[in-house]
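Protein chains in written order, with the numbering used here: chain A, 1360 to 1554; chain B, 43 to 875.
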C-alpha cells in the first residue's frame, strides 16, 4: 500500500520537474516579443507583495505596537487585533484567489507551523532546498496538475523582522526553533495558470 | 398571672411579665431575622458567583474538548482528501471533457439507475477502488501508527462520499447519497470559488439517516493546491458523535454540559433531545457571545423559569468553519445546573438556622417566663404590700429573699412601714397635746376677754353674734339662757341710721382707716379756739352708737378666717359716755384759757402805751414849758398811733372774716407788693433779696389779704435776720398747686418753739415789736383760700415759709390782671438784680 503511494508521488514529482525544465522556453515563445514573460509577471507581483508586507510590518504593525494601541496576534480575528505579517500575506492571497484572476500565491516552508503550508509538490520542496543555498534568485518552472499547466515562481522569504524570528522560535507547533534574523525561513510561491 | 388578671383586668393585658417576655423575644428575634436575611443574601450571592465562575471554567474546558474532537475528525477527513490517488482521479475527471452528447446521455442514464437503486449502478460507485480506499481510511488502516480512531466516532459517521468538480458522487461508503450535489450549500461552501474551504454544516434533520446530523465538507485540492477538484463530505450523527464527550460531564443531580448552536438549537444534551430549540429564546443572545463567561438568567433553557446560573464558552476552532465562517454561525457549550440544586446548601443552612432560631426563641421564651416570674412575683408582693400599707393594714413584714435590689426595696418598704407606724403614733400624741393646748388657749382667751371690761362681740358674715364676752353679756343684758348665735341687731336695738353705719363698719375693711383719720382732723380743728368752727355733723361719721342713755364708740376688726371657715368680724364697743363729756369740758376750758391769753395779750400790749399816755398826760398837766408840752403831746400821738395799730392788727384778724370775695391774683405780683410794703416799714438796707419766680402763676384770693399774709411772713423773715442777710423768694407750679417760699438766712426757730409758733400772741420779739398774731393771721388767710402754710426751720440754718395755694389757669388770671402783671415785671427784674 505505502510503496504503491510512493510510486505515484514519485511519478508525479518527476513529471513536474520535467515539465519545469522543458516548458520554460516554450512559455517564452508563446508570449512572443511583445508579451510579458511569466517570470516578469511573477517578479512584479513578488515586488508588490514584498513592498506591501514591508510597509505593513514596519510602518503599521511596529508603530501601533510601540504606541500600545493595537498588537498583531495570531488569533487576530477572534482577538480583534492585527494579523501577523505572514497572515497578512496569506489573507491578501486568499482575496486574490477569490477574485478569480487566476494568479495565486501562498507561503510555503520546510518547517511550517501548520502542515497546510508545507510544500505540496516535489518541485516546491526542491525549490525550497535550492533557495536555502541560493536565496537571491527565485526558482521558476512549469508544473502540471493533470492536464493543466501552471507557471510557478518560488522566491526565498527571509526573516526580515525580529518578530518573525521570535514568533517562529516560540510557537509550540513550530518544528524548527533556531531561526535567526535574515535566515531564509521559507518562500513565497506564485502560481500563474498557462491556459 | 391569671389570678392577677382577675384582680386587675386593666393592668394585666400588658402586664410587667408579658412585657418582659415580649422584650426578650424581640431582642432575640430581630437580630435573628436580620442575621438570617443577610446570611441568606450574602450566601446566595457567593454561591452564585462561585458557581458561575466554575461553570464558566467547565464550559471552557468542555468547549476545548469538543473543539479538539471536531478538529480530530476534520484532520481525519483532510487526510483522506490529501490522498494522491483521490487527487489524481479527481484531476482526471476534471480534465475529461463532459460536454459531448454521448457522455451526457450516459450520465442521465446512470443517474436514473442510481436513483432507482439499481445494484450495478450502485455497486459501480460504492464498490469502486476509491470507495474501497475511503473505507480503508475509515476503518483506520491508513492511520499513523498509534493513532486509533475511537470506534464510537467511526460509528457516528453515517455517510462519507467524494464528489468531483461537477458535484457528482465519485465514491461513497455508508448510506447511499444523491448523485449530484452542486446545488447544496455544503458543496458550494466547500468549493468556494474553486479556492476551497472547510465547511461545517449546522445541525439539521436528515431524512435518509432519520436523525439530526451535522456535516463536514473538506475540499480536495489538486496536487499543486491550486484549485478545488472535488469535495469530501462527511455526514455525522450529532448525538452519537458528541454524547460520549458531553454526557460524561455530569455534576450533582442536574448539572451537565450541553452543546448548542448560535440559533439556540440543541446539538447534544443529556436531558434535551437533539434538535430542539432552547425553551427560552431570550436566553440565546445571553449565552452565545464569542467569549466564555457566565450569566444569571431568569430561565434555564430547559423549560424551567427559576433564576439560573449558566456558564458558556464558544467552540472557537469549529465555529470558524461553521457555515463557512464564524459570522455565519457558531457552536457553544452551555453548562447549567438546576438552581434548586445550586442553592440547596444555602437553603439547607437557612432551614437549619431557622430551626435553631425557633428552638432558641422557644428557649428564650421559656427562660424569659422564668426570669420574668422571678422578677414579677416579688414586685407583685411589693405592690400588694404597698396597698396594705396604704390601707394601714400591713402587720407582718414583707419577706423577699431574691438577694438583689428587690430585696432591698422590700426592706425599705418594711422600714418605711415601721417609720410610718411610729410617725402615726407620735402624731396622735401630738394631736392630743395640741388639742389640749388649744383648749387651754381658748379658755385663757375667754378668761382674758371676760376680764376685759369692754364689751366684745364676734359676728359672722350673716350678722349672727357668735361670741360675747362677759362685759358684753352684762352690758347687753345677755344671759346664759339666751343661746348664741343670735342676730346682731336683736342684741343691739339700734335705729336704722346707726344700723346702717354699723353695717358699713363691719361690712367693709376701709372703716378702720377712716376712723383713724377723723380724730386727727378734729383735733387740728380744735387747736385754734378762736376760729369759729363750722358745726359739721360729725356725729354721723363717728363710729358711735347709742345704747339706752350711754354712748359707745365701736371698732370693727376682721379676724383672719381659717380654711373652710367664714371670716369673723370682731366688734369692740367702748363706753365713751364719760369720755366725750370730759372732752367737751376740755374744749370749753381751752376756749376760756385762750380768751384769757388774748385778753392778757391785748391788755399788755395796750397797757404800755396807755401808761405812757397817762404819764405824759400827767406831765403835760404840770408842765409850764409849751415846748415840752408839745413834745409830750407828740409822744402821746405816737403812743396813740401805736395803740391804733395794735387794734388794727387785732381787728384785721377778727373782723374781716365775712369778706372773702376771691378773684384770680398773680402770685408773683402779690409777692412783690408784699415785699414793697415790708421794705417801707422795716429796715431792709442790709438785706439782699433774691427772686426765683416761675412766672404767670395765678391763685384765687383777695389781693389785699394775700398781700398782708405774705407781708407778715416777710416781716418775720426780715426781723429774724436783724436787717442783714439774704431773703429768697420763689414761686413754682406743680400739679395745679402754686407754691411760694420765703426763705431767710436768720438764726432759725428753736425746736421747742416750733410747736407754738402758730399760737396767737406767741412771739419771740421784744415787747412792742410784734403782736404775736402775724403768723396766726397769715395762716388763717391762706387756709381761707384753700391753701396751707408750713414753716420749716433748722436752728442756725434759717427759716423757710412754704405757702401752697390751688392754682388757676393762666388765661383766667391774664384776663383780669393783665395790667398788673405788665407793671410788676420790670420791678421784679430790678429787685432780683
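Think of the CB as a built atom: it goes at the ideal place given N, C-alpha and C, for glycine as much as any other residue. Quick caveat: nothing in here was measured; it's all calculated off a predicted structure.
With a threshold of 8 angstroms, are at least 3 pairs of Cβ atoms found where one atom belongs to the stretch 347-367 of chain B and the other to the stretch 283-290 of chain B?
In short, these stretches do not touch, since the Cβ pair count stays below three.
Expressed to the nearest angstrom, what Euclidean distance is found between the alpha-carbon atoms of residue 650 (chain B) and residue 657 (chain B)?
C-alpha separation (whole angstroms): 10 angstroms.
Between the C-alpha atoms of residue 269 (chain B) and residue 1522 (chain A), what's the straight-line distance to the nearest angstrom?
Their Cα atoms are separated by approximately 32 angstroms.
Taking the alpha carbon of residue 202 (chain B) as the reference point, which residue from B:275, B:478, B:266 and B:397 has its own alpha carbon closest?
Nearest C-alpha to residue 202 (chain B): B:275.
Closest by CA to residue 1444 (chain A), which one among A:1430, A:1457, A:1455 and A:1438?
Among A:1430, A:1457, A:1455 and A:1438, the Cα nearest to that of residue 1444 (chain A) is on A:1430.
Would you identify the three-state DSSP class for residue 226 (chain B), choosing helix, strand or coil?
Residue 226 (chain B): coil per DSSP, three-state reduction.
So is residue 233 (chain B) in contact with chain A if we call contact Cβ pairs under 8 angstroms?
Answer no: the Cβ-Cβ gap between residue 233 (chain B) and chain A never drops below 8 angstroms.
Answer yes or no: do residue 409 (chain B) and residue 451 (chain B) have a C-beta to C-beta separation smaller than 8 angstroms?
Going by C-beta atoms, residue 409 (chain B) is not nearer than 8 angstroms to residue 451 (chain B).
Let's test the definition: count the other Cβ atoms within 10 Å of the Cβ of residue 727 (chain B) and tell me whether it reaches 16, buried, or not, exposed.
Exposed, because fewer than 16 other Cβ atoms sit within 10 Å of the Cβ of residue 727 (chain B).
Does the Cβ-Cβ distance between residue 381 (chain B) and residue 372 (chain B) come in under 8 angstroms?
No, Cβ-Cβ distance for residue 381 (chain B) and residue 372 (chain B) is not below 8 angstroms.
Can you tell me where the beta strand (DSSP E) holding residue 843 (chain B) begins and where it ends?
Taken as a continuous stretch (DSSP letters only), the beta strand (DSSP E) holding residue 843 (chain B) covers 840-850.
Comparing alpha-carbon positions, which option in A:1528, A:1508 and A:1538 lies nearest residue 1552 (chain A)?
Nearest C-alpha to residue 1552 (chain A): A:1508.
Taking Cβ to Cβ, would you say residue 780 (chain B) is nearer than 8 angstroms to residue 847 (chain B)?
Yes; because the gap between Cβ atoms is below 8 angstroms, this pair is in contact.
Could you list which residues in chain A have their beta carbon closer than 8 angstroms to that of residue 245 (chain B), in chain order?
The premise fails here: residue 245 (chain B) is roughly 23 angstroms from chain A at the closest Cβ pair, so nothing lies under 8 angstroms.
So who's on the other strand from residue 832 (chain B), going by DSSP bridges?
B:844.
Measuring straight from C-alpha to C-alpha, what distance separates residue 597 (chain B) and residue 623 (chain B)?
Approximately 20 angstroms between the Cα atoms of the pair.
Contact check, residue 214 (chain B) vs residue 173 (chain B) under 8 angstroms by CB: the rounded distance?
Going by Cβ atoms, the distance from residue 214 (chain B) to residue 173 (chain B) rounds to 6 angstroms, so yes, they are a contact pair.
When the Cβ atoms of the stretch 229-239 of chain B are set against those of the stretch 91-98 of chain B, are three or more pairs found closer than 8 angstroms?
Short answer: they don't touch.
Tell me residue 216 (chain B)'s beta-bridge partners as DSSP assigns them.
Partner(s): B:201.
Is residue 575 (chain B) helix, strand or coil when you go by DSSP?
For residue 575 (chain B), the predicted model reports a pLDDT of 45, less than 50, meaning its position is unreliable; a value from the coordinates is still stated below. Reduced to three states, the DSSP call for residue 575 (chain B) is coil.
Does residue 303 (chain B) get closer than 8 angstroms to chain A when you measure Cβ to Cβ?
No, because no Cβ of chain A sits closer than 8 angstroms to the Cβ of residue 303 (chain B).
Roughly how many angstroms separate the alpha carbons of residue 714 (chain B) and residue 769 (chain B), rounded to a whole number?
Distance between the alpha carbons of residue 714 (chain B) and residue 769 (chain B) is about 13 angstroms.
If you measure between the beta carbons of residue 1549 (chain A) and residue 1511 (chain A), is that distance less than 8 angstroms?
Cβ distance < 8 angstroms, so residue 1549 (chain A) and residue 1511 (chain A) count as in contact.
Looking at the structure shown, is residue 373 (chain B) part of a helix, part of a strand, or coil, going by DSSP?
Of the three classes helix, strand and coil, the one that applies to residue 373 (chain B) here is strand, per DSSP.
Buried or exposed: which applies to residue 712 (chain B), given that a residue is buried once 16 or more other Cβ atoms fall within 10 Å of its Cβ?
Buried.
Ignore the nearest five residues each way along the sequence and tell me which others in residue 56 (chain B)'s own chain have a CB closer than 6 angstroms to its CB.
Once the five neighbours on either side are set aside, residue 56 (chain B) has no close Cβ partner at all.
Can you name, in chain order, every residue of its own chain whose Cβ lies under 8 angstroms from the Cβ of residue 133 (chain B), other than the five neighbours on each side?
Answer for residue 133 (chain B): 264, 265 and 271, listed in chain order.
Contact check, residue 100 (chain B) vs residue 353 (chain B) under 8 angstroms by CB: the rounded distance?
With a Cβ gap of about 6 angstroms, residue 100 (chain B) and residue 353 (chain B) count as contacting.
Rounded to the nearest angstrom, what separates residue 632 (chain B) and residue 607 (chain B) at their Cα positions?
Taking the straight line from one Cα to the other gives about 51 angstroms.
What residues in its chain sit with their C-beta under 7 angstroms from that of residue 786 (chain B), if we drop five residues either side in the sequence?
Result list for residue 786 (chain B): 759, 762, 763, 767, 769, 840 and 841, in chain order.
So, residue 795 (chain B) versus residue 806 (chain B), is the Cβ gap smaller than 8 angstroms?
Closer than 8 angstroms, so yes.
Can you confirm whether the stretch 110-122 of chain B touches the stretch 399-417 of chain B when touching is taken to mean that 3 or more C-beta pairs between the two stretches lie within less than 8 angstroms?
Touching, no.
Can you tell me where the alpha helix (DSSP H) with residue 324 (chain B) in it begins and where it stops?
Per DSSP, residue 324 (chain B) belongs to no alpha helix (DSSP H) and is neither H nor E.
Which word fits residue 555 (chain B), buried or exposed, when buried means at least 16 other C-beta atoms lie within 10 angstroms of its C-beta?
Here the model assigns residue 555 (chain B) a pLDDT of 40, short of 50, so the residue's position is not dependable and the matter cannot be decided.
Comparing C-alpha positions only, which one of B:291, B:158, B:241 and B:204 sits nearest to residue 97 (chain B)?
For residue 97 (chain B), the nearest C-alpha among the options comes from B:291.
Tell me whether residue 1510 (chain A) sits in a helix, a strand or coil according to DSSP, three-state version.
Residue state, collapsed to three classes: strand.
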